[in-house]
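Undergrad: The sequence shown runs 218 to 503 under my numbering.
Note that CB positions come from ideal geometry on N, CA and C, so glycine has one too.
It should be emphasised that the depicted structure is a prediction, and the values quoted were computed from it without experimental measurement.
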Amino acid sequence: MKPTRLLATGLIASVLGLLGVTTAQAITLQEIKERGEIRIAIANEIPYGFMDLSGNAKGVGPEVAQHIAKALGINNIKWETAAFGSLIPGLKAGRFDMVAAEMAILPARCRQVLFSEPNTSYGEGLLVAQGNPMKLNAFEQFTEGDLKVAIMAGADQLEILQALGVPGARMVTIANNADAISTVATGRADAYAATSLTVAELAAKSDKVESAEPFNDPIINGTAVRSWGGFTFAQGSEKLQKAVNDALTQFKKTDQWKAILQNYGFSSADINESFQKTTAQLCKAS
């Protein structure tokens, strides 16, 4: 490389650094096989992806990912845990090769990372104090008054609440789901907005909180909100994305795939809905 080119490259890198821009760390299936393991990240969120007390990766994302890795000839998985909001930055920085957190496929995220085809589909919910003293059953109730709703940093509930017109002053951001019970039980927030499966799991952990029942799905542009979750990769990792998609498509035809979802509380409707949208449709801006 000529000195002038070195200088130009260094200048560009410096400018990108000053602007906070990071380049995606692409990786191929062949590179992973040569390394001997794939690094997969989860966010410790039940039932999507978490580490159990024995240090084993569990949840619908990791268990499906294990079958995919085997189908691709990858024998070893190195599991990484990260805060949900750090998953996409971690992919961009090359800290892991793939995310198995059932991250919702959204246009804003599609501009930053690559997604597999949907693995799951799920609806929304609210975690409230025991007895639901504020009679909460919909996200829309936070658009007026002084009620506050908690959300997890980086979660797509932020975009849902914003689309409904909920002011930022009425949102309380927490680092992870583990903080949701205390946040609601102590009154720091009147409710915690998350997927229905996450809310049910949290409600089962404490008698100080419960799932808001009945719950009315948020309606945006005349359509009830439902999420589709998939595996995530850094931009430029199209070959790995395609290999995972091919293996996932085959695995979703099996009873074993269906049994994994059912074991973690996904309903028949959730399972059927996972086939109703493609990633191309979900990534397209409305």
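My guess is that Glu357 and Thr466 are in contact by the Cβ rule of under 8 Å, so how many angstroms apart are they, rounded?
TA: As a working note, residue 357 is residue 140 in the sequence shown. As a working note, residue 466 is residue 249 in the sequence shown. Not a contact, Cβ separation roughly 37 Å.
Undergrad: Can you tell me where the beta strand (DSSP E) with Lys387 in it begins and where it stops?
TA: Along the sequence shown, one-based indexing puts residue 387 at 170. Per the sequence presented here, residue 387 reads as Arg, with Lys not at that position. Counting along the chain, Arg387 falls outside any beta strand (DSSP E), and DSSP gives it neither H nor E.
Undergrad: Could you spell out where the alpha helix (DSSP H) holding Arg256 opens and where it closes?
TA: As a working note, residue 256 is residue 39 in the sequence shown. Here Arg256 belongs to no alpha helix (DSSP H); instead the beta strand (DSSP E) covers Ile255 to Ile259.
Undergrad: Using the three-state DSSP reduction, which class does Lys309 fall into: helix, strand or coil?
TA: As a working mapping, residue 309 is identified with position 92 in the sequence shown. Looking at Lys309 - three-state DSSP - the assignment turns out to be helix.
Undergrad: Using a Cβ-Cβ cut-off of 7 Å (strictly less than) and excluding sequence neighbours within five positions of Ala406, which residues of its own chain qualify?
TA: As a working note, residue 406 is residue 189 in the sequence shown. So the list reads Lys365, Val366, Ala367, Val389 and Thr400, once near-sequence residues are dropped.
Undergrad: Does the Cβ-Cβ distance between Asn261 and Ala395 come in under 9 Å?
TA: Position 44 of the sequence shown, counted from the start, is the residue given in the question as residue 261. Position 178 of the sequence shown, counted from the start, is the residue given in the question as residue 395. Yes, they are a contact pair.
Undergrad: To the nearest angstrom, how far is it from the Cα of Ala310 to the Cα of Ala420?
TA: On the sequence shown, position 93 is the one that residue 310 refers to. On the sequence shown, position 203 is the one that residue 420 refers to. Roughly 35 Å between the two C-alpha positions.
Undergrad: Could you say if the segment 414-434 and the segment 447-455 meet the contact criterion of at least three C-beta pairs nearer than 8 Å?
TA: Contact fails: fewer than three Cβ-Cβ distances are below 8 Å.
Undergrad: DSSP three-state call for Phe468: helix, strand or coil?
TA: For the purposes of this step, residue 468 is taken as the residue at position 251 of the sequence shown. Helix at Phe468.
Undergrad: What are the boundary residues of the alpha helix (DSSP H) that includes Gly446?
TA: The residue you call residue 446 lines up with position 229 of the sequence shown. Element bounds for Gly446: not the alpha helix (DSSP H) but the beta strand (DSSP E), Ser444 to Ala451.
Undergrad: State buried or exposed for Asp424, treating a residue as buried only when at least 16 other CB atoms are found within 10 Å of its CB.
TA: Locating residue 424 in the sequence shown gives position 207, where the first residue counts as 1. Classification for Asp424: exposed.
Undergrad: Kindly indicate which three-state DSSP category Lys275 falls into: helix, strand or coil?
TA: Within the sequence shown, the letter at position 58 stands for residue 275. Correct three-state label for Lys275: strand.
Undergrad: Identify the continuous beta strand (DSSP E) that holds Glu319 and give its terminal residues.
TA: Sequence index remark: in the sequence shown, residue 319 carries index 102 (1-based). Taken as a continuous stretch (DSSP letters only), the beta strand (DSSP E) holding Glu319 covers Met315 to Ala321.
Undergrad: Tell me which same chain residues have a C-beta within less than 7 Å of the C-beta of Pro264, skipping the five on either side of it?
TA: As a first step, residue 264 must be located in the sequence shown, where it is residue number 47. Contacts found: Gly276, Val277, Leu414, Glu418, Tyr481 and Gly482.
Undergrad: So for Thr412, helix, strand or coil by DSSP?
TA: To locate residue 412, count along the sequence shown from 1; it is residue 195. Reduced to three states, the DSSP call for Thr412 is strand.
Undergrad: Can you tell me the Cα-Cα spacing of Lys469 and Phe448, whole angstroms?
TA: For the purposes of this step, residue 469 is identified with residue 252 of the sequence shown, where counting begins at 1. For the purposes of this step, residue 448 is identified with residue 231 of the sequence shown, where counting begins at 1. Cα to Cα, Lys469 sits roughly 14 Å from Phe448.
Undergrad: So what does Val281 bridge to, in DSSP terms?
TA: Counting from one through the sequence shown, the residue named residue 281 turns up at place 64. Per DSSP, none; premise fails for Val281.
Undergrad: So Lys295 is in the alpha helix (DSSP H); what residue range does that whole segment cover?
TA: The residue you call residue 295 lines up with position 78 of the sequence shown. Taken as a continuous stretch (DSSP letters only), Lys295 belongs to no alpha helix (DSSP H), being part of the beta strand (DSSP E) at Ile294 to Thr298.
Undergrad: Using a Cβ-Cβ cut-off of 6 Å (strictly less than) and excluding sequence neighbours within five positions of Lys250, which residues of its own chain qualify?
TA: Within the sequence shown, numbered from 1, the residue matching residue 250 stands at position 33. Closer than 6 Å at the Cβ level, and outside the excluded window around Lys250, lies no residue.
Undergrad: Can you tell me whether Ala243 is helix, strand or coil according to DSSP?
TA: The residue you call residue 243 lines up with position 26 of the sequence shown. Here Ala243 sits in coil by DSSP.
Undergrad: Chain B beta carbons: is any one of them nearer than 9 Å to that of Glu418?
TA: Here there is only one protein chain, and chain B is not present.
Undergrad: Assuming Gly446 contacts Ala321 under a Cβ cut-off of 8 Å, what Cβ separation, rounded to an integer in Å, is found between them?
TA: Working through the sequence shown from its first residue, we reach residue 446 at position 229. Working through the sequence shown from its first residue, we reach residue 321 at position 104. With a Cβ gap of about 6 Å, Gly446 and Ala321 count as contacting.
Undergrad: In the DSSP output, what is Gly371 paired with across the bridge?
TA: As a first step, residue 371 is located in the sequence shown; it is residue number 154 there, counting from the start. Gly371 is not bridged to any residue.
Undergrad: Hey, is the segment 369-381 in contact with the segment 290-310, meaning 3+ C-beta pairs nearer than 8 Å?
TA: Yes, the segment 369-381 touches the segment 290-310.
Undergrad: Going by the beta-carbon positions, is the gap between Ser428 and Val442 smaller than 9 Å?
TA: Within the sequence shown, numbered from 1, the residue matching residue 428 stands at position 211. Within the sequence shown, numbered from 1, the residue matching residue 442 stands at position 225. Against a cut-off of 9 Å, the Cβ pair of Val442 and Ser428 comes out as no contact.
Undergrad: The ligand MN heavy atoms versus the CB of Asn462: any closer than 8 Å?
TA: In the structure on display, the ligand MN does not appear, and there are no ligands present to speak of.
Undergrad: Skipping 5 residues on each side, what residues in its chain have a beta carbon closer than 8 Å to that of Ile255?
TA: Translated into positions along the sequence shown, residue 255 becomes position 38. Ile249, Ala286, Ile291, Asn293, Ile294, Lys295, Asp314 and Met315, listed in sequence order.
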